[in-house]
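Written below as structure tokens is the structure these notes are about.
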Amino acid sequence: MPRIAKELGPLEVKRLKAPGYHRVGGVPGLTLQISQSGAKSWLLRAIVGTKRREIGLGSYPAVGVALAREKAQQVRDDIVAGIDPVAQRALARQNIIQQQLEEKALDWTFRRCAEAYIKAKSPGWRNAKHAKQWESTLETYAYPVIGDMLVRHVNIGHIMTIIEPHWTTKNETISRVRNRIELVLDWATVRKYRTGDNPARWKGNLDKAGLADRKVVGKVTGHKALAAGDLYGFMVSLRSIAGFGARCLEFVVLTACRSGEARLATWDEIDIEEKTWNIPGERMKSGRPHRVPLSEQVVTLLEALPRIEGETLVFPGARKGKPLSDMTMTKVMRAMGVDAVPHGFRSTFSSWCASSTGYPFEVREMALAHAVGDGTVAAYQRSDLFEKRRNLMADWAKFIDTPPATGKVVPMHKVA
316 MPRIAKELGP LEVKRLKAPG YHRVGGVPGL TLQISQSGAK SWLLRAIVGT KRREIGLGSY
376 PAVGVALARE KAQQVRDDIV AGIDPVAQRA LARQNIIQQQ LEEKALDWTF RRCAEAYIKA
436 KSPGWRNAKH AKQWESTLET YAYPVIGDML VRHVNIGHIM TIIEPHWTTK NETISRVRNR
496 IELVLDWATV RKYRTGDNPA RWKGNLDKAG LADRKVVGKV TGHKALAAGD LYGFMVSLRS
556 IAGFGARCLE FVVLTACRSG EARLATWDEI DIEEKTWNIP GERMKSGRPH RVPLSEQVVT
616 LLEALPRIEG ETLVFPGARK GKPLSDMTMT KVMRAMGVDA VPHGFRSTFS SWCASSTGYP
676 FEVREMALAH AVGDGTVAAY QRSDLFEKRR NLMADWAKFI DTPPATGKVV PMHKVA
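Each residue of the sequence shown is one higher than the one before, starting from 316 at the first, in our numbering.
Shown next as structure tokens:
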């Protein structure tokens, strides 16, 4: 039982000036602490369990002598009842912090977090196209399920709703979506907008959810392509169709470029006199600038295109200043009754090069803007590869415009 000090009155407490600890009596362990600067505060020294504690009761004179004794007695009563006042205060403080965090996170939806993440990270990404891919895939797959949901409420059930329907048919795409969701949720956790494990994490989480093996369903099957022998008939039908979508598709076939590169082509990239298309690095998958030699057929196509005042796009979409959508050319092919996709013409071109020409592998790959070779090949490319590619693309255009030797032309349906 601690010795009870002499009970000091308010005036006596007020007169205490010396720095240190002064027992004021009334309640065992009640002490007035005076700092070197003269600031005064109340402490209760007590044994809690097996530990000696110093429990703050407030500053003096904000907390007067009578109130300090009342508070000290309440703390001692709690200790006798088995309550640790220090732990209780820590818990109360944690509850307040948690409440504040929840209030702060009230308006942070998954969409808002994703947009903030993209804005923060995109300056360090290779090109603007990557940010567009993020936005497009989240808009298509994630936002319909969790876009307007508070990010702290997103759970594994929501993630499964997003990825399971597409797991076996669009595995590569939906795997990217899952990874992007995981990164956004990690970002939100660090910023205290959510707590707990990341429901989009693969290892030790979604890999236990019973989804088909990614190594099996994720195998690349390639894009549906038209046989080289069917190109002549296809192009005859395509050239009878009006509209920028058909002309862009014709351009894709003749240049063997990616559809996105063609859709976003601008007139300042085209040098008609030099018969060259200069694609800037930020629009290339490789991130490096790429020159495309233009055959006579491509030049004729470009010269025949209508030029719209104030429009920079070679193949503008229906809305001013906007490019064709990535589905426009696919719709043209579907309307023609062709079971193939625009990207498949690159496969057709590659197969034709390998089976019907004597051009070196490096020339063919460079025409497709693929990375090729070692230092020796790189030196070869710098010397005369562009002119070799010009010859290749001229031969390709000539092949396309040459009827099959049998005289048979594969019929294609015209767009009504």
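Ideal Cβ positions, reconstructed from N, Cα and C, are used throughout, including at glycine.
DSSP state of residue i mapped onto helix, strand, coil
i	result
W582	helix
E322	coil
T570	helix
L546	helix
L707	helix
L465	strand
T484	coil
A527	coil
G511	coil
D393	helix
N494	helix
T536	Bear in mind that a pLDDT of 47 at T536, under 50, signals an unreliable position, so the number given afterwards is only what the model happens to contain. In the structure shown, T536 sits in coil (DSSP, three-state: anything other than H, G, I, E or B).
W517	coil
A712	helix
G558	coil
R384	helix
P400	helix
P459	helix
H473	helix
I541	Ile is not the amino acid found at residue 541; the sequence shown has Leu there. Here L541 sits in coil by DSSP.
G575	helix
R679	helix
T504	helix
A810	The question about residue 810 has no answer here: the residues shown for the chain are numbered 316 through 731.
Residue i, buried or exposed, once every other Cβ within 10 Å from all chains shown has been counted against 16
i	result
T411	As written in the sequence, residue 411 is Ile, which differs from the Thr given in the question. Classification of I411: exposed, given that the 10 Å Cβ count is below 16.
M644	buried
S574	buried
R493	buried
R441	exposed
Y432	buried
V678	buried
E487	exposed
I461	buried
R408	exposed
P657	buried
M642	exposed
A453	Looking at the sequence provided, one finds Leu at residue 453 rather than Ala. Under this definition L453 is a buried residue.
E565	buried
E624	exposed
L326	exposed
K713	exposed
R404	exposed
Close-in-space but distant-in-sequence residues of the same chain around residue i (CB under 6 Å, 5 per side omitted)
i	result
R705	P608
Y336	T346 and Q348
A540	A655, G659, S662 and T663
A320	R338 and G340
R509	V466, R467 and A503
S671	none
W423	V466 and Y508
M599	H605
Cutoff 8 Å; reference residue i; Cβ partners in own chain excluding five residues on either side
i	result
A633	none
I715	L546, Y547, M550, V568, L569 and Q612
W357	L345, T346, L347, Q348, G371, L372, G373, S374, Y375, V378, A383, K386 and A387
I477	Y456, A457, V460, I461, I489, V492, R493 and I496
L700	E677, V678 and M681
V390	L359, A361, I370, L372 and P400
A443	S437 and E597
T717	Y547
Own chain, CB closer than 7 Å to residue i, minus 5 neighbours either side, in chain order
i	result
E497	N513, A515 and R516
A693	In this prediction, A693 scores a pLDDT of 49, lower than 50, which makes its location untrustworthy; the coordinate-derived value is nonetheless stated afterwards. Cβ neighbours of A693 beyond the five flanking positions: none.
E450	I433
R426	Y458, G462 and D463
F559	F630, P631 and L639
E428	According to the sequence shown, residue 428 is Cys rather than Glu. So the qualifying residues of the chain are V466, V499, W502, A503 and Y508.
- Task: Taking only runs that begin and end inside the segment 585 to 663, name each unbroken beta strand (DSSP E) of 3 or more residues, in chain order.
- Result: For the segment 585 to 663, whole beta strand (DSSP E) runs of length 3 or above, ordered along the chain, are 591 to 594 and 605 to 608.
- Message: Going residue by residue through the segment 327 to 381, where are the continuous beta strand (DSSP E) segments of at least 3 residues, counting only ones entirely within it?
- Response: Those beta strand (DSSP E) runs which fall completely within the segment 327 to 381 and span 3+ residues are 335 to 338, 345 to 349, 355 to 363 and 366 to 375.
- At which residue ranges does the segment 402 to 455 contain complete alpha helix (DSSP H) runs of 4 or more residues, listed in the order of the chain? The qualifying runs are 425 to 436 and 443 to 452.
- May I ask you to verify whether the segment 341 to 354 touches the segment 384 to 392, counting CB pairs closer than 8 Å and requiring at least 3? By the C-beta criterion, the segment 341 to 354 is judged to be in contact with the segment 384 to 392, since at least 3 inter-stretch pairs fall below 8 Å.
- For the segment 632 to 642 and the segment 581 to 592, state whether three or more C-beta atom pairs, one from each stretch, are separated by less than 8 Å. No, they do not touch.
- Cβ contact (3+ pairs, closer than 8 Å) linking the segment 466 to 478 and the segment 616 to 629: No, they do not touch.
- Message: Using 8 Å as the cut-off, can you tell me whether the segment 577 to 587 makes contact with the segment 666 to 684, which would need three or more C-beta pairs spanning the two stretches below that distance?
- Response: Contact between the segment 577 to 587 and the segment 666 to 684 is absent, because fewer than three Cβ pairs lie under 8 Å.
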